[in-house]
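Here's the structure we're looking at; comments come further down.
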Amino acid sequence: MSSFSPTEDARCAIRRWEVAPGGASTSPVRLPMTYVLPLRWHTDTGLAELTDYLRWLGDRVEVLVVDGSPPPLFARHAEAWRGLVRHLPPDPSERGLNGKVLGVHTGVRAAGHEHVVIADDDVRYDESALSAVHRLLGRADLVRPQNYFDPLPWHAWWDTGRTLLNRALGADYPGTLAVRRSTFVAMGGYDPDVLFENLELIRTVRGYGGTEAAPAWLYVRRLPPDAAHFRGQRVRQAYDDLAQPARLLTSLAVLPALAAAVASRRPRLLVGAAAGVVALAETGRRRAGGTRVFPPATALAAPLWLLERGVCGWLAVTQRLLLGGVRYGDTRIRRAANPAPCNPRLPAILHFRLGQNRR
């Protein structure tokens, strides 16, 4: 494979930031790209801030908001966003348990451009990230950026421990992906009856024979949820591990290992294990210039997050066995994701790092 040399803007994505969303800008460059935002709100607490972001985005890319909110909120959004974005409901012909996937299907198929960004409502791109994603989609069928929380309240600090461990061991699962529309349509979209929709889209693209770019240096800001929402997501996020057996076994082993260390009265084992987890997280923090967006203290959250996952992993398995799945809105979803495709000839992930790629 020939080497990949991004332009200076892409190489500098971790070294400088363009004008922040909502800020002043001079002659923004409009990219031939569509931004799809699947949305389902039950309260409009963040409407003003999101509207500012959509106004900023609309000057730079085509924006589609696929809004599955109740009718009164849908009407309010239509009024607030008139002239800023294309605002449409999910296609009623789409069927499935995961409303976000249905919104993505509607948005990607309605997109006016080949390059499509899919993002949750708490994701906040800047110009450098949009441009880098657009260029990477010239080489790959799917791009997986790296999210970071800003601001960083205690629960975002806690969850950043997970992010750093994922970065140390491979790549994180962000709240945004980007795809080529032609690839998405040709493969028929992805399964709308699974919980871990981002993993499902990644696996579907790989199974179709597409190429994934996982640039560890491509940082995209994410707003943290409130603490109550964070607490409500703990078991549901642990349920995602049912689609990744190695991760599930690791999380299920945490409590038995902790109990064995306590029973043996060997506290050094616990201290050594915690130190090892912090060191692994610090490796992820330092990777690809991550120190610019992940403060030093975030590595200390990794042992706490791992302990939480050890508890919630057992709760997730219990829900699967006793309740048939995990609660998602008004229903329960049984499958976290479909099994990964087993094809040794599938394209490798492209880890674009500061102008270099490795297989």
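For the sequence shown, the numbering used here gives the first residue as -1, with consecutive numbering after it. Where is the CB? At the ideal position from N, CA and C, for every residue including glycine.
Original post:
Relative to the alpha-carbon of R165, which residue among G282, A271, P294 has its alpha-carbon at the smallest distance?
Top reply: G282
Original post:
What's the C-alpha gap between W120 and E47?
Top reply: Reading off the sequence shown, one finds Asp at residue 120, where the question assumed Trp. Rounded to the nearest angstrom, the two C-alpha atoms are 10 Å apart.
Original post:
Do L52 and V59 have their C-beta atoms within less than 8 Å of each other?
Top reply: no
**OP:** Please state if the CB of L135 and the CB of A176 are separated by a distance shorter than 8 Å.
**Re:** yes
Original post:
Going by beta carbon distance, what residues of the same chain come within less than 6 Å of R343, once the five residues before and after it are set aside?
Top reply: A caution first: R343 carries a pLDDT of 48, below 50, which makes its placement in the model unreliable, though a value can still be read off. Cβ neighbours of R343 beyond the five flanking positions: none.
Original post:
If you compare alpha carbons, which of D124, A76, R325, A244 is closest to L216?
Top reply: D124
**OP:** Name the one or two DSSP bridge partners that M31 has.
**Re:** H113
Original post:
For D191, which residues of its own chain have a beta-carbon under 6 Å away from its beta-carbon, when the five flanking residues on both sides are left out?
Top reply: G94, L95
Original post:
In or out: R80 buried (at least 16 other Cβ within 10 Å) or exposed?
Top reply: exposed
**OP:** Leaving aside the five residues before and after L326 along the sequence, list all residues of the same chain whose C-beta is less than 8 Å from its C-beta, in chain order.
**Re:** Here residue 326 turns out to be Tyr, not Leu, going by the sequence shown. Excluding residues within five positions, the ones whose Cβ falls inside 8 Å are L95, N96, L193, R234.
Original post:
S249 and G308 look like a contact to me (Cβ under 8 Å); what is the Cβ gap, rounded to whole Å?
Top reply: 5 Å
Original post:
Using DSSP with H/G/I as helix, E/B as strand and the rest coil, what is P301?
Top reply: helix
**OP:** Could you tell me the distance, in whole angstroms, from the CA atom of P293 to the CA atom of L150?
**Re:** 9 Å
Original post:
At a cut of 8 Å, does the stretch 132 to 146 reach the stretch 169 to 188 through at least three beta carbon pairs?
Top reply: yes
Original post:
Using the C-alpha atoms, what's the distance from L35 back to A22?
Top reply: Confidence at A22 is low in this model, with a pLDDT of 48, below 50, so the placement of that residue should be treated as unreliable; the coordinate-derived value is given next. Their Cα atoms are separated by approximately 23 Å.
Original post:
Are R318 and L247 closer than 8 Å when you measure CB to CB?
Top reply: no
Subject >> Boundaries (first-last residue) of the beta strand (DSSP E) holding D50 >> reply: From DSSP, D50 is part of no beta strand (DSSP E) but of the alpha helix (DSSP H) over 45 to 56.
Original post:
Mapping DSSP to helix, strand and coil, what is A169?
Top reply: coil
Original post:
Helix, strand or coil for D118 per DSSP?
Top reply: coil
Subject >> With 16 other Cβ atoms within 10 Å as the buried cut-off, status of T32 >> reply: buried
Original post:
Hey, V99 and Y237: beta-carbon distance below 8 Å or not?
Top reply: no
**OP:** List the DSSP bridge partners of N145.
**Re:** V218
Original post:
What residue does the beta strand (DSSP E) around H85 start on, and which one ends it?
Top reply: 84 to 86
**OP:** Going by CA-CA distance only, name the one from P26, T174, A109, D50 that's closest to V183.
**Re:** A109
Subject >> Candidates L320, P339, P337, of which the one nearest R330 by Cα >> reply: L320
**OP:** For my contact list, A64 and L86 are in at a C-beta cut-off of 8 Å; report their separation, rounded to the angstrom.
**Re:** In the sequence as presented, Ala is not what sits at residue 64; that position holds Val. With 8 Å as the limit, V64 and L86 qualify as a contact, their Cβ atoms being about 6 Å apart.
Original post:
Of the residues V252, D224, D189, T316, which one's Cα is nearest the Cα of V275?
Top reply: V252
**OP:** Count the other CB atoms, across all protein chains shown, that sit within 10 Å of the CB of G270; report buried if there are 16 or more and exposed otherwise.
**Re:** exposed
Subject >> D157 beta carbon less than 8 Å from that of W39 >> reply: no
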